[in-house]
Amino acid sequence: MAAAAIGMIRLRNLFAVVMLSGIFSLSAAALYVVLDAVDVAFTEASVGAGIATVLMLSTLALTTTEEAIKDHRNMSALVVVLIAGAVLIYGTLDMPFYGDPMAPIHLHVAPLYLRDSIVATGVPNVVTSVLASYRGYDTLGETTVIFTAAASVMALIGRGRRKVKHGVPEGAPSHGYSSMKPHPILRVTAKLLIPAILIYAFYVQAHGDFGPGGGFQAGVIFGSTFILYALIFGVDNTRIAIRGWVRRTMMASGVLIYAGTGVAALLLGGNFLDYSALLHDPVHGQHLGIFLVELGVGVTVSGSMITIFLIFAGQDR
Amino acid sequence: MVALIVDVLSWALILGGGAFCVIGAVGMLRMPDVFTRMHAAGVVDTAGLGLILIGLMLQAGFTLVMVKLALILVFVLYTSPMSTHALAQSAVSTGVQPLLADGANNQKDKEDEPSKT
Amino acid sequence: MMFAAGTLAVLVSMALALARALLGPTIYDRIMAVNSFGTLTVILIAVIGFLSDRPSFLDISLVYALINFITTIAIMKFFKYNRIGRRSGEDLGGL
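Keeping their order, the protein sequence lines are chains A, B and C. FYI, the numbering for the first sequence is 1 to 317, going by my numbering. FYI, the numbering for the second sequence is 1001 to 1117, going by my numbering. FYI, the numbering for the third sequence is 2001 to 2095, going by my numbering.
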């Protein structure tokens, strides 16, 4: 990882830097696996492999591939970075050792979550229940952040794109960037793989209660299928396959499902986002609430990912 | 008895797969140009991954884990030729010449920056 | 024990692939190295899952097996696009 990071800094060609950052993400996922953080590794895997590199590349396509050469060396910045790094390392000295059973986090909330969450929510995967139920407000905030990010990308640079009429894009001949007509191998393999990836995304969505995964990861995987479709069959065809209003509705309705679950709980006599009130049996209510919330997260994330990618890729510069 | 045979088999498969991985990686490092390096990388994708995953499958027995391993194997066998194809095709079409045996175009590897042209 | 041997082999190969990605004279060498680094990560995560007896790690390898190649395709595509797509009116036939 360190080698990849140093290489990233030293190389001038930004394509190579993007590739090394891919390696960085891969080894980060492997590291999370070694540290037993399955859900984090899952997120890193789906985001790093499916979205991050593609988005960086589309940014590069909008700007330039060469890093601007700066002559002056900013010594004060180096000093600040060194001091900040030293302070951070000094701070870690106070932190408990890895796996120390006397660490504060193991004494207060963690045992409570680990002991009670399965009984209280009926969901075997503790991470999912903590994220969606105990920390429901945080996750609602994160979902809103993703929604806001996609909405602001739309507002900032989404206006300049071409309007696409049904079927044939205006003027643009479908060559080069936009489609891969002369590539039967890529097209056939993509056609075979896209349904498989979609099914896998739904599996991750539904399986989040029991194993690693959940709404966010499923949304990212779902979005990456459409990115693959856009890469192979062209951005304009993707705009036809999943239309703008569908994308916008997906983005908005996910947050709506999430918040609506909370409001429904409020109306049924509980607190906001208190899923126990949803059904008569509190455990079943929790289960249903977590499922709905994860669904909302997944829908928002996939809608936002597709929207951001299409806007970035559809720019003509 | 059967367990012993399965164990020995999966030992052999995993060790063989690991050996193929290392061989492929060494080939990737030592081969002279892009296309031969791709050829070496193919060893990792097929023999290395295949043997190791089959060895793991023998360890897993008939469970969901085995199904997942088989799915991984199938998907990699789909995707890896696809990406290698795309890679080789675009390398050829941007003018990277393969090294030929008679030394016809034995120029040095081009540096990064094909985008300069 | 046998999983440890497998892990060691995969780690060595990953180091070699990383070296190729850092050295690689052309851009294609780097792409190829990243691609096989991804394959090696698939193997590594699967083997570590068995090493620590947590087969749920396999889901992560499955994700990588499914969507890792998207990166490669995207790199090829954007690389070509960056070179030819920008000059409008030239039809050089795509990737």
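All C-beta atoms in this analysis are idealised placements derived from N, C-alpha and C, irrespective of residue type, glycine included. This structure is a prediction, so every number in the text was calculated from the model and none was measured.
Hey, does C/LEU2044 have any beta-carbon neighbour from chain A nearer than 9 Å?
-> yes
Quick one: is A/GLY326 near chain C, going by C-beta distance under 9 Å?
-> Outside the displayed range of chain A (1 to 317) lies residue 326 of chain A, so it cannot be described from this structure.
Would a check of beta-carbon distances place A/ILE306 closer than 9 Å to chain B?
-> no
With 9 Å set as the bound, which would you pick, yes or no: does the beta-carbon of C/ILE2073 sit closer than that to a beta-carbon of chain B?
-> yes
Whole angstroms is fine: what's the gap from A/VAL235's alpha carbon to A/SER304's?
-> 16 Å
Does at least one heavy atom of the ligand ATP sit under 8 Å from the Cβ of C/ARG2030?
-> Within the structure as shown, the ligand ATP is missing, as the structure has no ligands at all.
Member of A/PHE202, A/LEU20 and A/ASP39 whose CA lies at the smallest distance from the CA of C/ALA2033 = A/LEU20
Report yes if the CB atom of A/ARG243 is closer than 9 Å to the CB atom of A/THR307, and no otherwise.
-> no
Would you call the region 1004 to 1016 of chain B and the region 286 to 299 of chain A touching, i.e. three or more CB-CB distances under 8 Å?
-> no
So is B/LYS1068 buried or exposed if we call it buried at 16+ other beta carbons inside 10 Å?
-> buried
Neighbourhood of A/ALA230 by C-beta distance below 6 Å, restricted to the same chain and skipping five residues each side | THR238
Could you tell me which of A/LEU186, A/ILE185, A/PRO184 and A/PHE222 sits nearest to A/LEU198, measuring between CA atoms?
-> A/PHE222
Residue-chain proximity (A/LEU192, chain B), Cβ-Cβ < 9 Å | yes
List, in order along the chain, the chain A residues whose C-beta lies closer than 8 Å to that of C/THR2041?
-> LEU26, SER27, ALA29 and ALA30
Excluding sequence positions up to five away, which residues of its chain have a Cβ less than 7 Å from the Cβ of C/SER2061?
-> VAL2042, ILE2045 and ALA2046
How close, in whole Å, do the beta carbons of C/ALA2065 and B/THR1084 come, if the pair is a contact with beta carbons under 8 Å?
-> Not confirmed; about 15 Å, so no contact.
Taking DSSP as the reference, what is the three-state secondary structure of A/LEU256?
-> helix
For A/ASP236, which three-state DSSP category applies?
-> helix
Using a beta-carbon distance below 9 Å, is A/ILE257 in contact with chain B?
-> no
Rounded to whole angstroms, how far is the Cβ of B/VAL1022 from the Cβ of C/VAL2012, which I believe are closer than 8 Å?
-> 6 Å
Range of the contiguous alpha helix (DSSP H) that encloses C/SER2013 = 2002 to 2023
Burial state of A/VAL18 (16 or more Cβ within 10 Å) = buried
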